[in-house]
Structure formats: C-alpha cells, structure tokens
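Add 1254 to a position in the sequence shown, counting from 1, and you land on the number used in my numbering.
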Amino acid sequence: ALSSNQIQRGFEALEAIEEELDGRARSNKLMELTSDFYTVIPHSFGRSRGPVLNTKQMVKEKYDMLNTLTDIEAAQDMQKRNRRAAAAKKEEEAVEHPSDLNYKQLCADLTLMEEDDDERPVLEKFLADTKAKSSYQDMTLRDIWRVNRHKEDERFSAHESLTNRKLLWHGTGVAVVAAIMKSGLRIMPHSGGR
C-alpha cells in the first residue's frame, strides 16, 4: 500500500513533468522525470521499461490515478480507525456493528429521497442528459440519497449573499464515494484547465 506521503511525492513528480512539457520538453529530461515518478509510485511493467510520460494526456491519466489512490487511502485510513475503535470497545458489552462505525466516520447523514421529492425530476433529467451512449444505455435510476455533511450548512451560510450559484453534476467511481462524503469533493489545484 502506498502512503499519503508517497502519493504526494507522486503529485510533485507529475508537476515536474508538466513543467518540462510546458517548457522545452527535452526527451532526456522527460525520461529522467518519468523514472523519478515510477520510483515513487511503483508500476508493474514486467521486464520492459515503462513508457515515458511525454504527453499531457499521459500525465492527466496519472493525475487521475493518484486522485483515486488518494481517495482509496483515505477510505483505508477510515477503516483502520474503525478497527482500532472496535478493538478499544471490545471490552465493553455492546460493540457497535462495523457498518455503524463506518457510517459514523463519514460525519454525514444519509437520507433516502422520496419518490415525490421536488428535486428528483431535476436529477433524473441530469442523468438522462449526460449518460454515455455506450454500455450505460440501460442504466436506470433506482434510489437517490441526500447527503448532509456535518457542519456543511455553516460553511455554506457564509456565502448566502452570492446569487451566482450553479448545480454541479459529478460522476465518480465507487471507490471514492466514501472519501467524497467524508471530505467533500476536492478540486486539485493542478487540474485546472483539464
């Protein structure tokens, strides 16, 4: 497993590659920086050498991979804390179910949206308008869960006077859902313009 420190060093290595691509894009320098990245974030290439990260698209894919690894690491950290908490409570008579411990770690309340909720048609339209014309054509909406992150109302109330609000529709992999609910949707500074 990669530590959060390793993942951060991976981001730094990608930033150095990006700077080189934005500058002179020397092939020998890109090979060196790519090697640094693969040293920090190990990959399995068998006996062959890994591809040189010499395009913006390749770098973007590695950024996406590191973002997913960051979220997975956060979820694993949450699991470790749960196991430690369960071990500490083991002496007590009533030990909480692991799912209840996971739910508490999210610091959010989940509520199933009713079928007649006013927001449901809006979300159904977003789904219909944005689903890919590929293998997801048969996708249907079953349930919608409202997420109320603890103390988020306080953070939003500081910006009540703003009138230029827009809804954000964000699709994500299942591996990062718990991390998004716990920490919120994070926009990485390096992902601007992508």
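For glycine and all other residues, C-beta sits at the position ideal for the given N, C-alpha and C. Remember, it's a predicted structure, so these values are computed and weren't measured experimentally.
What is the DSSP secondary structure of residue i, reduced to helix, strand or coil?
{"i": "residue 1336", "result": "helix"}
{"i": "residue 1279", "result": "coil"}
{"i": "residue 1407", "result": "helix"}
{"i": "residue 1366", "result": "strand"}
{"i": "residue 1402", "result": "strand"}
{"i": "residue 1317", "result": "helix"}
{"i": "residue 1446", "result": "Low confidence applies here, because residue 1446 scores a pLDDT of 48, under 50, leaving its location unreliable and the question unanswered by this model."}
{"i": "residue 1374", "result": "helix"}
{"i": "residue 1295", "result": "coil"}
{"i": "residue 1341", "result": "helix"}
{"i": "residue 1393", "result": "coil"}
{"i": "residue 1300", "result": "coil"}
{"i": "residue 1441", "result": "coil"}
{"i": "residue 1263", "result": "helix"}
{"i": "residue 1308", "result": "coil"}
{"i": "residue 1287", "result": "helix"}
{"i": "residue 1256", "result": "coil"}
{"i": "residue 1237", "result": "It is not possible to answer for residue 1237, since the shown part of the chain is limited to 1255 through 1448."}
{"i": "residue 1423", "result": "coil"}
{"i": "residue 1412", "result": "coil"}
Indicate whether residue i and residue j have their beta-carbon atoms separated by less than 9 Å.
{"i": "residue 1264", "j": "residue 1320", "result": "yes"}
{"i": "residue 1313", "j": "residue 1377", "result": "no"}
{"i": "residue 1310", "j": "residue 1275", "result": "yes"}
{"i": "residue 1433", "j": "residue 1329", "result": "yes"}
{"i": "residue 1293", "j": "residue 1305", "result": "no"}
{"i": "residue 1384", "j": "residue 1425", "result": "yes"}
{"i": "residue 1295", "j": "residue 1261", "result": "yes"}
{"i": "residue 1342", "j": "residue 1355", "result": "no"}
Out of the options, which one is the CA nearest neighbour of residue i?
{"i": "residue 1337", "options": "1324, 1293, 1322 and 1359", "result": "1359"}
{"i": "residue 1317", "options": "1291, 1355, 1417 and 1277", "result": "1291"}
{"i": "residue 1372", "options": "1351, 1398, 1424 and 1419", "result": "1398"}
{"i": "residue 1431", "options": "1419, 1284 and 1401", "result": "1401"}
{"i": "residue 1406", "options": "1395, 1437, 1315 and 1396", "result": "1437"}
{"i": "residue 1357", "options": "1381, 1404, 1275 and 1325", "result": "1404"}
{"i": "residue 1427", "options": "1257, 1271, 1323 and 1299", "result": "1323"}
{"i": "residue 1363", "options": "1273, 1277, 1435 and 1278", "result": "1435"}
Would you check whether the ligand COA has a heavy atom nearer than 8 Å to the C-beta of residue i?
{"i": "residue 1255", "result": "The ligand COA is not part of this structure, which contains no ligands at all."}
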